[in-house]
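Asker: Read in order, the letters of the sequence shown are residues 200 to 535 in this note's numbering. Note that beta-carbon positions come from the ideal geometry of N, C-alpha and C, so glycine has one too. Note that this is a predicted model, so its numbers are computed, not measured.
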Amino acid sequence: FGLLDLELLPFSYEPDEQTELLLPFDSAPLSDAAGNFTVTASAPEISRTTRRAGAGSLLVDDPADEVRITPAASRLFQPGVEWGSFTLEFWLYPVVLASGERILEWSGREGAARDFRMQEVLVTVENRRLRFALTNFFAPPDGRDYSVVLEGDRGMLPRRWSHHMLRFDAQTALLEYLVDGRTADVTHVSETGSEDGSIFFPRTAQFTADSISLVSSFTGAIDEVRLVRRFASDPNLPEFYPDGGVYESSVLDLGSPGAIITNIAAVTRTPAMTDVFLYYRSGNTRQTGSTLGGEWIPVPSASFPEVESRFVQLRAELYPDFRTSESPALSEIQVT
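(1) Using CA coordinates, which residue listed in Thr-218, Asp-474, Leu-203 and Ile-268 is at the minimum distance from Pro-247?
(2) By the 10 Å Cβ neighbour count, where 16 or more other Cβ atoms means buried, how is Glu-219 classified, buried or exposed?
(3) Give the range of the beta strand (DSSP E) segment to which Ile-411 is assigned.
(4) Closest to Ser-397 by CA distance: which of Pro-214, Ala-369, Arg-308 and Gly-234 is it?
(5) Below 6 Å CB to CB, which residues in the same chain sit around Arg-468 once its five sequence neighbours on both sides are set aside?
(6) Any beta carbon of chain C sitting closer than 9 Å to that of Glu-244?
(7) Assuming Thr-371 and Glu-394 are in contact, meaning their beta carbons sit under 8 Å apart, how far apart are those beta carbons, in whole angstroms?
(8) I believe Gly-380 touches Leu-436 by the beta-carbon criterion, under 8 Å. Please report the beta-carbon distance rounded to the nearest angstrom.
(9) Determine the direct distance from the alpha carbon of Ala-233 to that of Ala-263, and round the result to whole angstroms.
(10) Taking the beta strand (DSSP E) that Glu-423 belongs to, which residues open and close that run?
(11) Buried or exposed for Thr-407, please, with buried defined as at least 16 other CB atoms from any protein chain shown within 10 angstroms of its CB.
(12) Three Cβ pairs or more, each shorter than 8 Å: is that satisfied between the stretch 313-324 and the stretch 445-455?
(13) Are there three or more Cβ pairs, one per stretch, closer than 8 Å when the stretch 280-296 is compared with the stretch 438-448?
(14) Over what stretch of residues does the beta strand (DSSP E) that includes Glu-505 continue unbroken?
(15) Would you kindly work out how many angstroms separate the C-alpha atoms of Glu-516 and Tyr-446, rounded to a whole number?
(16) Could you say which of Pro-401, Leu-222 and Met-364 lies nearest to Val-385 if we only look at CA atoms?
(17) Beta-carbon within less than 6 Å of Glu-288's beta-carbon, same chain only, minus the 5 sequence neighbours each way: which residues are those?
(18) Hey, how far is the Cα of Asp-409 from the Cα of Gln-277?
(19) Relative to the alpha-carbon of Gly-392, which residue among Gln-405, Glu-375 and Val-280 has its alpha-carbon at the smallest distance?
(20) From which residue to which residue does the beta strand (DSSP E) around Val-320 run?
(21) Taking all protein chains shown into account, decide if Val-466 is buried (16 or more other Cβ within 10 angstroms of its Cβ) or exposed.
(22) Whose C-beta lies closer than 8 Å to the C-beta of Asn-483 among residues of the same chain, with five residues either side of it excluded?
(23) So Val-347 and Val-388 are in contact, right, with Cβ under 8 Å, and what is the actual spacing, rounded?
(24) Leaving aside the five residues before and after Asn-326 along the sequence, list all residues of the same chain whose C-beta is less than 8 Å from its C-beta, in chain order.
(25) Identify the continuous beta strand (DSSP E) that holds Gly-444 and give its terminal residues.
(26) Do Arg-402 and Gln-217 have their CB atoms nearer than 9 Å?
(27) So for Asp-537, helix, strand or coil by DSSP?
(28) Under a three-way DSSP split, which group does Ala-408 fall into?
(29) By the DSSP assignment, the beta strand (DSSP E) with Trp-305 in it spans what residues?
(30) Is the CB-CB distance between Leu-413 and Leu-207 below 9 Å?
(31) Across which residues does DSSP place Gln-512 in a beta bridge pair?
(32) So, Phe-430 versus Ser-284, is the Cβ gap smaller than 9 Å?
(33) Find out if the Cβ-Cβ distance for the pair Pro-243, Leu-257 is shorter than 9 Å.
(34) Given that a residue counts as buried once 16 or more other Cβ atoms are within 10 Å of its Cβ, and exposed if not, what is Ile-459?
(35) Between the C-alpha atoms of Ser-524 and Gly-307, what's the straight-line distance to the nearest angstrom?
(36) With the cut-off set at 9 Å, would you say Phe-224 and Glu-423 are in Cβ contact?
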């Protein structure tokens with residue numbers, strides 16, 4: 200009716216002790232939820248409608264929309280640090296899909312002992328697929344040059360969200376690229392490119408770039424960029440939180456102890472097998488704070504029993520259907 204509805208918040212990650220970087224893009228100014236990086240963007244545009252996780256995503260349509268991510272308390276992006284297992288993942292919503300679009304780039308160089316050799320991590324769009332190129336990022340024991348490239352096995356579709364994950368297992372040397380939870384490319388970062396017992400570990404170069412560049416050349420949206428210091432399990436990519444969501448009203452004062460509630464009804468939208476359940480509780484005295492005591496009583500679908508009460512509090516539980524990307528919605532609750 201031209202006003203806001205209550206809907207379920209899309210699923211998003213929370214930082215834990217192994218989270219190196221987490222960019223939720225839920226609000227401006229941009230920030231790292233893990234607190235390890237400072238994030239700089241000239242005028243970030245947050246979308247509340249084109250989003251895949253949390254409350255928003257970052258819209259990108261100009262080189263000026265580039266995001267700079269600078270280490271502040273990072274454990275991995277320090278000179279000479281050897282990494283263990285890691286996982287890099289993000290959601291992408293491409294619009295143009297032009298070859299050469301740059302999603303992520305970071306570089307460094309070694310010292311004179313290695314002839315100032317360059318190190319680079321570059322994620323680009325090539326032939327409608329994402330391409331992860333890691334140059335001298337993994338370090339063979341003999342110090343020779345080493346590059347590895349992984350790319351998608353099928354083209355992305357414009358104006359559709361897709362999830363991209365690159366993960367490395369320091370126990371087996373497995374390096375795997377997954378799209379929407381499906382393996383798209385895989386190798387072993389080892390002498391033979393297979394699980395042969397040798398492992399080339401990732402390592403930060405001695406002289407690193409001041410920052411990581413994100414979406415320096417891209418048109419579309421990006422969401423939920425995350426780097427963790429572990430080999431993540433197969434990604435669980437729910438649209439919404441499995442437990443659904445809950446709304447509770449403040450305590451409503453109906454005016455006098457003689458007020459009689461004759462009906463409680465709601466305007467809802469429940470696509471597919473989603474649902475909204477209504478509850479209430481009532482009383483003639485408030486509890487401490489902004490709630491009423493007592494159990495929540497389900498609102499019957501018909502023949503509401505008249506209740507004499509001065510105060511009433513309302514509750515709605517919204518439940519998703521994981522076969523659809525649509526949320527149930529609550530437009531209004533009417534108390535008669």
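Answerer: Taking the geometry as given:
(1) The question names Pro, but residue 247 in the sequence shown is Arg. Nearest of Thr-218, Asp-474, Leu-203 and Ile-268 to Arg-247, Cα basis: Leu-203.
(2) So Glu-219 counts as buried.
(3) Segment 411-416, the beta strand (DSSP E) holding Ile-411.
(4) Ser-397 has its Cα closest to that of Ala-369, out of Pro-214, Ala-369, Arg-308 and Gly-234.
(5) Within the same chain, and ignoring the five residues on either side of Arg-468 in sequence, the residues whose Cβ sits closer than 6 Å to its Cβ are Ala-528.
(6) Of the chains in the structure shown, none is chain C; there is only one protein chain.
(7) For a cut-off of 8 Å, the C-beta gap from Thr-371 to Glu-394 is around 5 Å, short enough to register as a contact.
(8) About 6 Å separates the CB atoms of Gly-380 and Leu-436; that is less than 8 Å, so the two are in contact.
(9) The alpha-carbon of Ala-263 is positioned some 25 Å away from that of Ala-233.
(10) 419-427 is the extent of the beta strand (DSSP E) around Glu-423.
(11) The residue in question, Thr-407, is buried, as its Cβ has 16 or more Cβ neighbours within 10 Å.
(12) Under the Cβ criterion (8 Å, minimum of three pairs), the stretch 313-324 does not count as touching the stretch 445-455.
(13) No: fewer than three Cβ pairs fall under 8 Å.
(14) First-last for Glu-505: undefined, no H or E at that position.
(15) Taking the straight line from one Cα to the other gives about 6 Å.
(16) Looking at the Cα atoms, Met-364 is the closest of the given residues.
(17) Only Met-364 and Arg-425 meet the Cβ criterion.
(18) About 11 Å.
(19) If you compare the alpha carbons of Gln-405, Glu-375 and Val-280 with that of Gly-392, the shortest gap goes to Glu-375.
(20) Counting along the chain, the beta strand (DSSP E) containing Val-320 begins and ends at 317-325.
(21) With fewer than 16 other Cβ atoms from the protein chains shown falling within 10 Å of its own Cβ, Val-466 counts as exposed.
(22) These residues qualify, in order along the chain: Pro-456, Ser-508, Arg-509 and Phe-510.
(23) Contact between Val-347 and Val-388 holds, with the beta-carbon distance rounding to 6 Å and staying under 8 Å.
(24) Cβ within range, chain order: Ser-298 and Gly-354.
(25) For Gly-444, the enclosing beta strand (DSSP E) starts and ends at 444-447.
(26) Against a cut-off of 9 Å, the Cβ pair of Gln-217 and Arg-402 comes out as no contact.
(27) Because the chain spans 200 through 535 in this model, residue 537 falls outside it and cannot be assessed.
(28) Residue state, collapsed to three classes: coil.
(29) DSSP places Trp-305 inside the beta strand (DSSP E), whose first and last residues are 301-308.
(30) Cβ distance not < 9 Å, so Leu-413 and Leu-207 don't count as in contact.
(31) Arg-480, per the DSSP bridge assignment.
(32) A contact, by the Cβ cut-off of 9 Å.
(33) It is a contact, given that the beta carbons lie within the stated cut-off.
(34) The residue in question, Ile-459, is exposed, as its Cβ has fewer than 16 Cβ neighbours within 10 Å.
(35) It is roughly 41 Å from the alpha-carbon of Ser-524 to the alpha-carbon of Gly-307.
(36) Closer than 9 Å, so yes.
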